[in-house]
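Student: Everything in the sequence shown is counted per my numbering, starting at 176 for the first residue and increasing by one.
Glycine residues also receive a C-beta, built at the ideal position from the N, C-alpha and C atoms.
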Amino acid sequence: MKLTKNQWIVFGVICFIGIFANLDKSMIGFTADKLISTYGFTKTQMGNLSSVFYVSFILVTIPGGWLVDRFGYKQFVVISLALLTVFSFLFGSVTGLGAIVLLRFMVGFGQAGYTNGAPKIISEHYQSDQCAKVQSFVVATAGIGGILASTVGESMINSNWHYAYYFLSAGYLVALLAVIFLMKDNFKDKGAGNAVVKAPQQKAGFFDAWKNKNTLLLALAVLFSNLVGVAMLFWLPNVLRINFNVENQGTLSKIMVAFYIIMTIAMASSGSIITKFFKGKELKFIFVSSILTAVCLVVFITAPIYMLAIGALYVSVFTMMLAFSALLSVPYQLVPKQIIGAAFAVLNIGAFVGGIISPQLVSLFAQPTSYLYSFICLSVCMIISGACALFVKKPVEIVGGTENE
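#1: Taking just the CA atoms, how far does A484 sit from V474?
#2: Quick check on DSSP: helix, strand or coil for D364?
#3: Taking the straight line between their C-alpha atoms, what separation do you get for D208 and S201?
#4: If you follow the alpha helix (DSSP H) that A520 is part of, which residue opens it and which one closes it?
#5: Reducing DSSP to helix, strand and coil, say where V372 ends up.
#6: Under a Cβ-count criterion, where at least 16 other Cβ atoms within 10 Å of its own Cβ denotes burial, should I480 be classed as buried or exposed?
#7: Among I461, F527, V492, A478, which residue has its Cα nearest to the Cα of V505?
#8: Please classify A274: is it buried, with 16 or more other beta-carbons within 10 angstroms of its beta-carbon, or exposed?
#9: What span of residues does the alpha helix (DSSP H) with M496 cover, start to end?
#10: Taking the CB atoms as reference points, tell me whether L509 and N389 lie closer together than 8 Å.
#11: Give the range of the alpha helix (DSSP H) segment to which Y301 is assigned.
#12: Taking the DSSP output, what are the residues bridged to S549?
#13: Identify whether P412 lies in helix, strand or coil by the three-state DSSP scheme.
#14: Taking only three categories from DSSP, how would you classify T217?
#15: Could you spell out where the alpha helix (DSSP H) holding S445 opens and where it closes?
#16: Using only alpha-carbon positions, find the residue among I448, L411, G446, M442 that is nearest to I430.
#17: What does the Cβ neighbour count give for R279, buried or exposed, with the cut at 16 atoms within 10 Å?
#18: Taking the alpha-carbon of T206 as reference, which of Q182, S325, A564, T494 has the nearest alpha-carbon?
#19: Return the CA-CA distance between A370 and K177, expressed in angstroms with no decimal places.
#20: With contact counted as at least three CB pairs below 8 Å, one residue from each stretch, are the segment 280–296 and the segment 540–557 in contact?
#21: Among residues of its own chain, excluding the 5 on either side of V269, which ones have a beta-carbon nearer than 7 Å to its beta-carbon?
#22: Within 10 Å of its beta-carbon, does G288 have 16 or more other beta-carbons around it, so buried, or fewer, so exposed?
#23: Here's a check: name, in chain order, each residue in its chain whose Cβ is nearer than 6 Å to the Cβ of L395, leaving out the five neighbours to either side.
#24: Is the segment 514–521 in contact with the segment 444–452, if contact means three or more CB pairs nearer than 8 Å?
#25: Tell me, please, whether the CB atom of E299 is closer than 8 Å to any CB atom in chain C?
#26: With distances taken from CA atoms, which of G247, G321, T213, L198 is nearest I440?
#27: My guess is that V537 and A406 are in contact by the Cβ rule of under 8 Å, so how many angstroms apart are they, rounded?
#28: Could you check the C-alpha separation between A374 and L259 for me, to the nearest Å?
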């Protein structure tokens, strides 16, 4: 990417925040296991850590996108990082169940602030043709966070789980200072070929994004796509045990780390792939990638040969992440800029609704000795996701007195 110095600084800051935010989200599973073994908490009690996080995330997201559009991202992101710094530190300092659950609820508020602020940061600092590439790298921090959580994070938690959250708090503090001192809200960059000038914009209404058909269709596509992604991450170790008799913990860890690495590569490269080879055909690209994912999921769960199954698994995660990243990049071209924050809030709600219902959907179709029907269901969800993208309409442009799409 050809970016100016200021744009590279912004890029570095939002990626740094993304890595720590996703490290936080990925570490909580390891933390829950440690709390169960250390303090005797039940799995049901630790399941509340996930539930309260999603509840607080959605509570902030509903008005969050609109607030970012109306008042700017900087105040919103600064407050969210301050909350994450304080409550992550406190989370690592307590041992009581009530305090642990309450503080995880508060961490959800902070996480939602960054998630809702990031799209606005990108749209403010980069041209439309740069947004897809930047967005793909920001989304790829989910994979980096997962890799770090599966290696460094797990090691720190097993050694002393309190220190793991002190480390997170320190990272959030560094990010907070970077946003305060390095990022400007009303940004103008005079670098050659990269000028980004804010034009006067009409104030966005609270429900404008919810009235936008493209936003709703993309949110529905994200819901079904993220449903499949969360299901894969949540159930994959058990699927490998039940369907493929993989019992060795070392083998399972290697498969999961490779899964995260491929996921990261797919997300990081998606922006370049789309802008270079599929510019103007993003929606068809999403559909084709979704269909390929659906096919590979069926091959994975039905393959008679173990290596064929693992190959299909890795191809499916690659194409799934390409489709998901593309879904998160097309709003910059299809949704009016004045509601971009609120539009991503709608997409985030769709993603988290998919994440919430995903484990229950898989368990509904799972059998004691096979996840065959569950993965067929996931394949259907990917097809629905791709089909939703096909119904999205590109904005009509007025050129020379005539309408062009």
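Tutor: Checking against the coordinates, here is how it stands:
#1: On the sequence shown, residue 474 is found 299 positions in, with the first residue counted as 1. On the sequence shown, residue 484 is found 309 positions in, with the first residue counted as 1. The C-alpha of V474 lies about 7 Å from the C-alpha of A484.
#2: Position 189 of the sequence shown, counting from 1, holds the residue named residue 364. Since pLDDT at D364 reaches only 46, below the 50 mark, its modelled position is unreliable, and no value is offered.
#3: Looking up residue 208 in the sequence shown gives position 33. Looking up residue 201 in the sequence shown gives position 26. Roughly 13 Å between the two C-alpha positions.
#4: As a position in the sequence shown, residue 520 is number 345, starting the count at 1. Here the alpha helix (DSSP H) through A520 covers 515–540.
#5: Residue 372 sits at position 197 when you count from the first residue of the sequence shown. Legend: pLDDT at V372 = 46, less than 50; position of this residue unreliable, no value from coordinates given.
#6: What you label residue 480 is simply residue 305 of the sequence shown in a count that begins at 1. I480 should be labelled exposed.
#7: Residue mapping note: residue 505 aligns to position 330 of the sequence shown, counting from 1. The option with the nearest alpha carbon to V505 is I461.
#8: Residue mapping note: residue 274 aligns to position 99 of the sequence shown, counting from 1. Counting Cβ neighbours within 10 Å, A274 comes out exposed, since fewer than 16 surround it.
#9: What you label residue 496 is simply residue 321 of the sequence shown in a count that begins at 1. From DSSP, the alpha helix (DSSP H) with M496 extends over 481–504.
#10: As a position in the sequence shown, residue 509 is number 334, starting the count at 1. As a position in the sequence shown, residue 389 is number 214, starting the count at 1. N389 sits close to L509, with the two beta carbons spaced by under 8 Å.
#11: Counting from one through the sequence shown, the residue named residue 301 turns up at place 126. Counted as a single uninterrupted DSSP element, the stretch harbouring Y301 is not any alpha helix (DSSP H), since DSSP gives it neither H nor E.
#12: On the sequence shown, residue 549 is found 374 positions in, with the first residue counted as 1. Beta-bridge pairing links S549 to no other residue.
#13: Counted from its first residue, the sequence shown places residue 412 at position 237. DSSP places P412 in helix when its eight states are reduced to three.
#14: Locating residue 217 in the sequence shown gives position 42, where the first residue counts as 1. T217: coil per DSSP, three-state reduction.
#15: Counting from one through the sequence shown, the residue named residue 445 turns up at place 270. Note, S445: alpha helix (DSSP H), 424–452.
#16: Taking the first residue of the sequence shown as 1, we reach residue 430 at position 255. Check the Cα spacing between I430 and each of I448, L411, G446, M442: the tightest is with L411.
#17: Here residue 279 is taken as the residue at index 104 of the sequence shown, counted from 1. Its Cβ being crowded by 16 or more others within 10 Å, R279 is buried.
#18: Position 31 of the sequence shown, counting from 1, holds the residue named residue 206. For the residues Q182, S325, A564, T494, the minimum Cα distance to T206 belongs to S325.
#19: For the purposes of this step, residue 370 is taken as the residue at position 195 of the sequence shown. For the purposes of this step, residue 177 is taken as the residue at position 2 of the sequence shown. Only weak support is given to the placement of A370: the predicted model assigns it a pLDDT of 44, under 50, and the value that follows is read from those uncertain coordinates. Their Cα atoms are separated by approximately 12 Å.
#20: No: fewer than three Cβ pairs fall under 8 Å.
#21: Working through the sequence shown from its first residue, we reach residue 269 at position 94. Within its own chain, the residues whose Cβ lies closer than 7 Å to the Cβ of V269, once the five positions on either side in sequence are excluded, are I275, L278, listed in chain order.
#22: As a first step, residue 288 is located in the sequence shown; it is residue number 113 there, counting from the start. Flag for G288 reads buried.
#23: What you label residue 395 is simply residue 220 of the sequence shown in a count that begins at 1. Answer for L395: C563, listed in chain order.
#24: Not touching, per the Cβ criterion.
#25: Chain labels in this structure do not include chain C; a single protein chain is all it has.
#26: Within the sequence shown, numbered from 1, the residue matching residue 440 stands at position 265. Looking at the Cα atoms, G321 is the closest of the given residues.
#27: By one-based count along the sequence shown, residue 537 stands at place 362. By one-based count along the sequence shown, residue 406 stands at place 231. 5 Å between Cβ atoms; contact.
#28: The count along the sequence shown starts at 1 and reaches residue 374 at position 199. The count along the sequence shown starts at 1 and reaches residue 259 at position 84. Confidence is the limiting factor: at A374 the pLDDT is only 47, short of 50, which leaves the residue's position unreliable, though a coordinate-based value still follows. Going from the Cα of A374 to the Cα of L259 covers about 33 Å.
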